[in-house]
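A.B. asks: In my numbering, the protein residues as written are 1 to 289. Glycine residues also receive a C-beta, built at the ideal position from the N, C-alpha and C atoms.
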Amino acid sequence: MKVGFIGLGQMGRGMAANLIAAGHEVSLYNRSADKAKGLEAPLAPSPAAAAARAEAAFTMLADDAAVEAMTFGPQGLLASLPRGAVHISASTISVALAERLTAAHEDAGQHFVSAPVFGRPDAAAAAKLFIVAAGAAPALEICAPLFAAIGQRTFPMGDDPARANLVKLSGNFLIASVIESLGEAMALVAKGGVDPHAYLEMLTSTLFSAPVYKTYGGLLADKRFTPAGFAAPLGQKDVRLVLAAGETLQVPMPLASLLRDRFLALLAQGGAEMDWSAIGSLAARDSGQ
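#1: Looking only at its own chain, which residues have a Cβ that is under 7 angstroms from the Cβ of A245, when we skip the five neighbours before and after it?
#2: Helix, strand or coil: how does DSSP classify E273 here?
#3: So what does DSSP say about A44, is it helix, strand or coil?
#4: P227: buried (16+ other C-beta within 10 angstroms of its C-beta) or exposed?
#5: The beta strand (DSSP E) that contains L129, what's its start and end?
#6: Quick one, are the C-beta atoms of C143 and V113 less than 8 angstroms apart?
#7: If you check the beta carbons only, do E201 and G280 fall under 8 angstroms apart?
#8: Round the Cβ separation of A57 and L81 to the nearest angstrom and send it over; I've been treating them as touching at under 8 angstroms.
#9: Mind reading off the beta-carbon distance from A162 to T102? Whole number of angstroms is fine, and I expect it under 8 angstroms.
#10: Tell whether a beta-carbon distance below 8 angstroms holds between A115 and A104.
#11: Just verifying my parser: in three-state terms, what is the DSSP assignment at I297?
#12: Scan the stretch 121-209 and note each continuous beta strand (DSSP E) run of 3 residues or more that stays entirely inside, going in chain order.
#13: Have a look at A278 and G218 and give me their C-alpha separation to the nearest angstrom.
#14: Along the beta strand (DSSP E) that carries A245, what are the first and last residues, could you check?
#15: If I follow the unbroken alpha helix (DSSP H) through E55, where does it start and stop?
#16: Out of Q236, T154 and L8, which has the shortest C-alpha to C-alpha gap to G135?
#17: Using the Cα positions of A79 and P254, report the straight-line distance between them to the nearest angstrom.
#18: In the structure shown, what three-state DSSP assignment does K2 receive?
#19: Can you tell me which of G158, Q110 and L61 puts its alpha carbon nearest to the alpha carbon of V86?
#20: Taking CB distances under 8 angstroms as the criterion, tell me whether Q10 reaches chain D.
#21: Quick one: using the 10 Å Cβ neighbour count with 16 as the cut-off for buried, is S205 buried or exposed?
#22: Could you give the distance in angstroms between the alpha-carbon of S177 and the alpha-carbon of R53?
#23: Mind checking who F112 pairs with in its DSSP beta bridge?
#24: Assuming F292 and M186 are in contact, meaning their beta carbons sit under 8 angstroms apart, how far apart are those beta carbons, in whole angstroms?
#25: If the criterion is Cβ atoms closer than 8 angstroms, does the pair Q289 and K128 meet it?
#26: Could you have a look at S80 and say whether DSSP puts it in helix, strand or coil?
#27: Taking the C-alpha atoms as reference points, what is the distance between Y199 and A126?
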């Protein structure tokens, strides 16, 4: 399949590499051209050029502003993507932007599918992502072989693309909640003299064996927050989008408000280059450890 791929950051590069390895004809675009080095696919001069001949075009970008620029900008993919082709947004974006993209592509005779992913850069490189996908059935059918190339399982969420973004935001909210609660619990036992690695082994071997506890508990126990697999400002952005969705749907989310403040505290203390799991270190810092 002819595929445009826009955004070669830590996640996008691995995803693009797996699409290429699966035999798809991929055209790449990234603002920093050096990110395409080592990928055996041509680098287009603009998002429009990357999408011009595509049957499907991925965007894997940091935030709403980047997706808007790559889609609606003067060299954006909206103007060049062929009629009947699919824009697949794998980015974690707002529900409002997903709704806007759905309408814009429909007006242009194109399809839009939201397909945000769960997984860190190592999972992207290993084609082990979990994909949450929503869009019209014919568009999802076009996307199926592409999802098979980048992920281990796809979870369909209906025909409204925005639902996939809502699910993704809710998932990131839950991960951040786990990080904060783990950080508080580990700060408590560490100050009482318990080895954090022994504590984590007990937790993940009994009540909390899910990968999220093992992954983020390990980062907290090791105090390993750089290099960032998912940078703290992105975590703060996702919590902000969760709160915006909650306000729109009139769903109070008091824990999300707490997480917003924890991210702001981390960023105010110089944590912008750290992994988002570093919010879990604030409890230890607050307790004088």
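C.D. replies: On the basis of the supplied data:
#1: A distance below 7 angstroms between beta-carbons, with the five flanking residues on each side excluded, links A245 to the following residues of its chain, in chain order: V95, L166 and L169.
#2: coil
#3: coil
#4: By the neighbour-count rule (16 or more Cβ atoms within 10 Å), P227 is not buried but exposed.
#5: L129 to A133
#6: yes
#7: no
#8: 6 angstroms
#9: 7 angstroms
#10: no
#11: Residue 297 cannot be examined here, being either before or after the span of the chain that is shown, 1 to 289.
#12: The DSSP assignment places complete beta strand (DSSP E) segments of no fewer than 3 residues inside the stretch 121-209 at 129-133 and 151-156, in order along the chain.
#13: 12 angstroms
#14: Premise fails: A245 lies in the alpha helix (DSSP H), A232 to L249, not in any beta strand (DSSP E).
#15: Here E55 belongs to no alpha helix (DSSP H), and DSSP marks it neither H nor E.
#16: T154
#17: 41 angstroms
#18: strand
#19: Ranking G158, Q110 and L61 by CA distance to the CA of V86 puts Q110 first.
#20: Going by chain labels, chain D is absent from the structure shown, which holds only one protein chain.
#21: exposed
#22: 42 angstroms
#23: BP columns for F112 point to H87.
#24: Since the first and last residues shown for the chain are 1 and 289, residue 292 lies out of range.
#25: No, they are not a contact pair.
#26: coil
#27: 30 angstroms
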